[in-house]
Amino acid sequence: MLTVQNIDTIRSHLETDLNQLINNIGPIQIGTNKQFPNGWGKAAKGRTVWRIIEEAINQNLEANCEKLLMESISASESEVSVYDTKVKYGDYDAYFNIKSAVYGGRTNKDDISKATGLKAFFDEDINKPLFICTFVLNFLENMTIEM
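Numbering that gives the first Met the number 0 applies: residue 0 is where the sequence shown begins, and numbers increase by one.
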């Protein structure tokens with residue numbers, strides 16, 4: 000059974016590991032100014048490039064699992080699951096959902112689109128720790144994204 004202390008320890012490990020991972024990934028080049036002479040345009044809302052960023056995060060998690068002191072990592076088998084990735088830390092599994100936010104952008108605190116999925120997730124096991132991991136995207140003029 001997980002305790003508040005266990006959950007905080009897992010959260011702390013996850014935060015440290017993901018911050019280290021993002022530093023190792025560095026800026027991601029999406030295009031060039033020649034390819035996009037008018038800059039980001041509507042693509043700077045985040046959703047347009049988010050799937051690429053999520054894939055970079057997941058692939059780097061898998062490639063660096065041992066360096067990050069994770070025993071194992073597995074992506075969700077479903078594209079519509081409430082979690083994106085499951086990580087094993089010692090005796091515990093941690094599930095996390097990757098979200099993006101645009102630096103300086105607006106927030107939407109009323110998003111409950113996954114409520115039914117969340118209920119089903121916790122109906123399976125109320126003790127599964129689910130973490131929402133938000134990466135802030137900064138769209139740079141040279142057509143790269145920093146997290």
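Heads up, the beta-carbon is just placed ideally off N, CA and C, and yes, glycines get one too.
6 Å CB neighbourhood of residue i in its chain, flanking five on each side removed
{"i": "residue 63", "result": "none"}
{"i": "residue 145", "result": "26 and 137"}
{"i": "residue 104", "result": "none"}
Element boundaries [beta strand (DSSP E), containing residue i]
{"i": "residue 74", "result": "71-74"}
{"i": "residue 145", "result": "143-145"}
{"i": "residue 81", "result": "Per DSSP, residue 81 belongs to no beta strand (DSSP E) and is neither H nor E."}
{"i": "residue 129", "result": "129-138"}
Buried or exposed (CB count within 10 angstroms, at least 16 for buried), residue i
{"i": "residue 142", "result": "buried"}
{"i": "residue 138", "result": "buried"}
{"i": "residue 31", "result": "exposed"}
{"i": "residue 3", "result": "exposed"}
{"i": "residue 71", "result": "exposed"}
{"i": "residue 15", "result": "exposed"}
{"i": "residue 35", "result": "exposed"}
{"i": "residue 48", "result": "buried"}
{"i": "residue 29", "result": "buried"}
Anticipated Cβ contact below 8 Å, residue i with residue j, distance rounded
{"i": "residue 59", "j": "residue 20", "result": "6 Å"}
{"i": "residue 134", "j": "residue 97", "result": "7 Å"}
{"i": "residue 136", "j": "residue 81", "result": "The Cβ separation is near 22 Å, so there is no contact."}
{"i": "residue 91", "j": "residue 1", "result": "7 Å"}
{"i": "residue 94", "j": "residue 67", "result": "Not quite, the Cβ-Cβ distance comes to about 16 Å (not below 8 Å), so this is no contact."}
{"i": "residue 77", "j": "residue 84", "result": "In fact, because the Cβ distance is near 12 Å, the residues do not count as touching under 8 Å."}
For residue i, the first and last residue of its enclosing alpha helix (DSSP H)
{"i": "residue 92", "result": "Premise fails: residue 92 lies in the beta strand (DSSP E), 91-101, not in any alpha helix (DSSP H)."}
{"i": "residue 118", "result": "114-123"}
{"i": "residue 21", "result": "3-24"}
{"i": "residue 65", "result": "That residue, residue 65, is in no alpha helix (DSSP H); it is neither H nor E in DSSP."}
Cutoff 8 Å; reference residue i; Cβ partners in own chain excluding five residues on either side
{"i": "residue 39", "result": "138 and 142"}
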